[in-house]
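Trainee: First residue of the sequence shown: 0, per numbering that gives the first Met the number 0; consecutive thereafter.
Glycine included, every Cβ here is placed at the ideal spot set by N, Cα and C.
First the structure, which I've put down as structure tokens, then a few questions once you've had a look.
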Amino acid sequence: MKQENPLLDISKLPLFSQIKPEHVTPALDVVLNDNRAGLVQTLAQTTGFTWNNLVAPLNEASNRLERMWSPVSHLNAVANSEELRKEYNANLSRLSDYHTEMGQNAQLFEAIQAIRNSDTSLDAAQQKSLDDSLLGFKLSGVALPAEQKERYRAISQELSQLNSRFSDNVLDATNAWTKQILDVNELAGLPESALDMAAQTAKQRDLEGWVITLQFPSYFPVMTYADNRELRAEVYRAYTTRASDLGANPEWDNAQVMRDILRLRHEEATLLGYANYAELSLATKMAESPQQVLDFLEDLAHKAKPFAETEFAEVQAFAREHLGLDEVQAWDVGYISEKMKQARFDFTDEDLKPYFPADRVIAGLFALVSKLFGVRIEQQQAHIDLWHPDVRFYLVYDRTDTVQACFYLDLYARQHKRGGAWMSDFCGRFRRADGLQIPVAFMTCNSSAPVGDKPALFTHDEVVTLFHEFGHGLHHMLTQVDYPDIAGINGVEWDAVELPSQFMENWCWERSVLDMIAAHWETGEPLPEALFQKMQAARHFQTAMATVRQLEFALFDMRLHLDPQAAEPGKLEAIRQEVLAQVAVITPPAFNRMPNSFTHVFAGGYAAGYYSYKWAEVLSADAFARFEEEGLFDAGVGEAFLREVLQVGGSRKAMESFVAFRGRKPSADALLRHSGLTV
């Protein structure tokens, strides 16, 4: 049995082609049973507990579980099927149970506390690891009376199921909607690349003409370029009512799921002695209190909103004067803005696409990373089992030519794959008794796929997204920490985890880096200087509108988790309306159900943490400013960022790492400058 189940062979990379839904439950049975029996044996020791006889075996057990479960979780996101989803969801509560059981084990808690209090041989990283563990016990309800422990366990189980259902509903609603178009004139304005993609989508579905979907590479060109206002309105409505009462499939409405999630989160927080879920969420973050976060966001809104109002007034004026539109609707903004950009800068995002063929961008990204951090990245094609033909696999070599990490890259949007972009992992760095386990990452995007004979051509935004996810990947892969719970991104405060990813985005605007990543897919010519100058001139175009949009999401999320009544009918929408009144410059139509597909907050770990994007952007802009000051490719600065940020992972507090690199605490000046929000 054990030999036949590919999920139990955790000594090598996952055998994706062999993993079947029926393998999931039996594999989890084996690992959980072994882990539980191992823990009983470990705690039965009569000698005093030490790192080596308690923490090391615990790390082994956690590592085995991660290596068994992460391929299942990953396949559920990138190759979703009815059968796999069923198995995945059926086992979420068992996993939740196991983690709660570990977190509420009083004997284990006391043993770890004893090691932390008495072992003077622990290094600083081991101390941080144990401190994180002890906080984890507290947040799992280890000190609660038996009845409340049981309630905590039930809440955790239910939340894991609800988060997954939220995500499933969004995926299903996104996949279910398509629009077939038989007359190409209805698609007037769309660039050739978008038309080719729509034709290819139709062909893949055995349909005539062109097919529009709600996958972002299809949705975005319609909203940006389609002259057909009715089409834009229809597609906008379909996109913003996904998984809601107004969507085409009301059975996937997330309204009650959201209320249940909010109710249970609040109950969990009060069980653990916090006033609300926002306080509980911040217990493991850099920010010290919800009020500090609100002050940070509102201060930024105060600075950005006047700029955003000016930008939107310009949109309205342009619409009136050049397009004969007296009333600008939400589905018009992207279209009008694109026309303005063309008029003002003689430039459109489509002009850049021929210069960003996927292979050139990837090769340039690897060259940049090599220059900054001294690593070499090479593709390995033989003997690697992949979940889709488009996926690539790479090895990362350090300066001594030793393989330091490896990663899978899944670039393109497709059916049965969740939207968005993310980095997750198969396993992290871990110095085990029998040698060093190297980190293995999954990097996932939903970029435009190749169409016909052309290579995949990226928008500049898609390039930025790839660099962003690669920053997370570098954080995971370049760590030098040997303990898995604080290696790479593990143990890093959630509001600092975006520092390396947002830091990497900055390079996409530098001429010297564009020369590495951009070349015309047919002629090989570099990005023309005139086009580069237009791109730079347009860089700050509507950045204030984009900023207040992010602040709207962040404030909505934080207020939602501060309010004990947020789960009551109508309250979520009331909070959203208050936030819109405070920061938004574009009022969405009444039918817009943005929260119903807000997976970051309801299914993705960003609950009372969406502010992290802006919080970490302050850190990343300030970190990049040191490269601007001392030389973009200054070897000493690159080495310092590698040593003080990437390699230390979660082995010390994020603020200590930032100060060690920057020489001082962060300042928001660079962010305001990069965003064009300074007068």
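1. Helix, strand or coil: which one does DSSP assign to phenylalanine 441?
2. Of the choices Lys85, Glu577, Pro216, whose alpha-carbon is the least far from that of glutamate 21?
3. Taking just the CA atoms, how far does aspartate 452 sit from alanine 495?
4. Compute the minimum distance between the beta carbon of leucine 641 and the heavy atoms of the ligand PLP, and state whether it is under 7 Å.
5. I'd like to check one pair, leucine 618 with phenylalanine 657: are the Cβ atoms closer than 8 Å?
6. What residue does the beta strand (DSSP E) around phenylalanine 392 start on, and which one ends it?
7. With DSSP as the reference, please indicate the residues paired to alanine 404 in a beta bridge.
8. Express the C-alpha separation of tyrosine 609 and methionine 553 in angstroms, rounding to a whole number.
9. What three-state label does DSSP hand valine 210 in the structure shown?
10. Classify threonine 119 as buried or exposed, calling it buried when 16 or more other Cβ atoms lie within 10 Å of its own Cβ.
11. Three-state secondary structure (DSSP) at leucine 410?
12. Where do the ends of the alpha helix (DSSP H) carrying isoleucine 361 lie?
13. Determine the direct distance from the alpha carbon of asparagine 62 to that of methionine 0, and round the result to whole angstroms.
14. Return helix, strand or coil for lysine 652, following the three-state DSSP convention.
15. Just to confirm, is the Cβ distance from asparagine 58 to tyrosine 334 under 8 Å?
16. Taking the alpha-carbon of glutamate 643 as reference, which of Ala580, Ser511, Leu498, Asp556 has the nearest alpha-carbon?
17. Name the DSSP beta bridge partners of methionine 699, please?
18. Thinking aspartate 389 and tyrosine 407 are a contact (beta carbons under 8 Å), I'd like their distance in whole angstroms, please.
19. Cutting at 7 Å between CB atoms, please list the residues of its own chain near alanine 277, excluding the five before and the five after it.
20. Could you give the DSSP three-state label for threonine 177: helix, strand or coil?
21. Across the region 98-108 and the region 130-142, are there enough close Cβ pairs to call them in contact, namely three or more that are closer than 8 Å?
22. What are the uninterrupted segments assigned as alpha helix (DSSP H) that are 4 or more residues long and contained completely in the region 248-275, given in chain order?
23. Decide if alanine 225 is buried, meaning its Cβ has at least 16 other Cβ atoms within 10 Å, or exposed.
24. The beta strand (DSSP E) that contains glycine 434, what's its start and end?
25. Under DSSP, the alpha helix (DSSP H) around phenylalanine 469 begins and ends at which residues?
26. Please look up how many angstroms separate the CB atoms of valine 327 and glutamine 315, rounded, as I've assumed it's under 8 Å.
27. Quick check: alanine 286 and tryptophan 50, are their CB atoms within less than 8 Å of each other?
28. Quick check on lysine 528: buried or exposed, where buried means 16 or more other Cβ atoms within 10 Å of its Cβ?
29. Helix, strand or coil for phenylalanine 590? Go by DSSP, reduced to three states.
30. Along the chain, where does the alpha helix (DSSP H) that runs through isoleucine 574 open and close?
Mentor: If we stick to the structure as given:
1. The residue you call residue 441 lines up with position 442 of the sequence shown. Secondary structure of phenylalanine 441 (DSSP, three-state): strand.
2. Here residue 21 refers to the residue found at position 22 of the sequence shown. It is Lys85.
3. In the sequence shown, residue 495 corresponds to position 496, counting from 1. In the sequence shown, residue 452 corresponds to position 453, counting from 1. Their backbone Cα atoms lie some 42 Å apart in a straight line.
4. Of ligands this structure carries none, so the ligand PLP is not represented either.
5. The residue labelled residue 657 in the question sits at position 658 within the sequence shown. The residue labelled residue 618 in the question sits at position 619 within the sequence shown. The Cβ atoms of phenylalanine 657 and leucine 618 sit closer than 8 Å to each other.
6. What you label residue 392 is simply residue 393 of the sequence shown in a count that begins at 1. Per DSSP, phenylalanine 392 belongs to the beta strand (DSSP E) from 391-396.
7. Walking along the sequence shown from the start, residue 404 turns up at place 405. Per DSSP, Val395.
8. Residue numbering aside, residue 553 sits at position 554 when the sequence shown is read from its first letter. Residue numbering aside, residue 609 sits at position 610 when the sequence shown is read from its first letter. A small correction: the amino acid at residue 553 is alanine; methionine does not occupy that position in the sequence shown. The alpha-carbon atoms of alanine 553 and tyrosine 609 are separated by roughly 5 Å.
9. Here residue 210 refers to the residue found at position 211 when the sequence shown is read from its first residue. If DSSP states are grouped into helix, strand and coil, valine 210 belongs with the strands.
10. Here residue 119 corresponds to residue number 120 of the sequence shown, with the count starting at 1. So threonine 119 ends up on the exposed side.
11. By one-based count along the sequence shown, residue 410 stands at place 411. Residue state for leucine 410 is assigned as strand, using DSSP reduced to three classes.
12. Taking the sequence shown and counting its residues from 1, one reaches residue 361 at position 362. Its alpha helix (DSSP H) spans residues 357-372.
13. For the purposes of this step, residue 0 is taken as the residue at position 1 of the sequence shown. For the purposes of this step, residue 62 is taken as the residue at position 63 of the sequence shown. Annotation note: pLDDT 43 at methionine 0 (below 50); position unreliable, coordinate value reported separately. Near 21 Å, if we compare the C-alpha coordinates of asparagine 62 and methionine 0.
14. Reading the sequence shown from its first residue, position 653 is the one you call residue 652. Three-state DSSP puts lysine 652 in coil, outside helix and strand.
15. On the sequence shown, residue 58 is found 59 positions in, with the first residue counted as 1. On the sequence shown, residue 334 is found 335 positions in, with the first residue counted as 1. When the beta-carbon positions are compared, asparagine 58 and tyrosine 334 stay at least 8 Å from each other.
16. What you label residue 643 is simply residue 644 of the sequence shown in a count that begins at 1. It is Leu498.
17. No answer is possible for residue 699: the residues shown for the chain start at 0 and end at 678.
18. As a position in the sequence shown, residue 389 is number 390, starting the count at 1. As a position in the sequence shown, residue 407 is number 408, starting the count at 1. So it is not a contact: roughly 11 Å between Cβ atoms.
19. If you number the sequence shown from 1, residue 277 lands on position 278. Closer than 7 Å at Cβ, skipping near neighbours: Pro289, Met557, His560, Leu561, Ala607.
20. Translated into positions along the sequence shown, residue 177 becomes position 178. Strand.
21. yes
22. Taken in chain order, the whole alpha helix (DSSP H) runs of length 4 or more contained in the region 248-275 are 254-270.
23. On the sequence shown, position 226 is the one that residue 225 refers to. It is buried - the Cβ of alanine 225 has at least 16 other Cβ atoms within 10 Å.
24. Position 435 of the sequence shown, counting from 1, holds the residue named residue 434. Where glycine 434 is concerned, the enclosing beta strand (DSSP E) stretches over 434-436.
25. In the sequence shown, the residue the question calls residue 469 occupies position 470. Start and end: 459-476.
26. For the purposes of this step, residue 327 is identified with residue 328 of the sequence shown, where counting begins at 1. For the purposes of this step, residue 315 is identified with residue 316 of the sequence shown, where counting begins at 1. Between glutamine 315 and valine 327 the Cβ distance is about 5 Å, and since that is below 8 Å, they are a contact.
27. Position 287 of the sequence shown, counted from the first residue, corresponds to residue 286. Position 51 of the sequence shown, counted from the first residue, corresponds to residue 50. No; because the gap between Cβ atoms is not below 8 Å, this pair is not in contact.
28. Residue 528 sits at position 529 when you count from the first residue of the sequence shown. Before going further, note that residue 528 is glutamate rather than lysine in the sequence given. Its Cβ having fewer than 16 others within 10 Å, glutamate 528 is exposed.
29. Here residue 590 corresponds to residue number 591 of the sequence shown, with the count starting at 1. If DSSP states are grouped into helix, strand and coil, phenylalanine 590 belongs with coil.
30. By one-based count along the sequence shown, residue 574 stands at place 575. It spans 570-582 - the alpha helix (DSSP H) in which isoleucine 574 sits, taken as one unbroken run.
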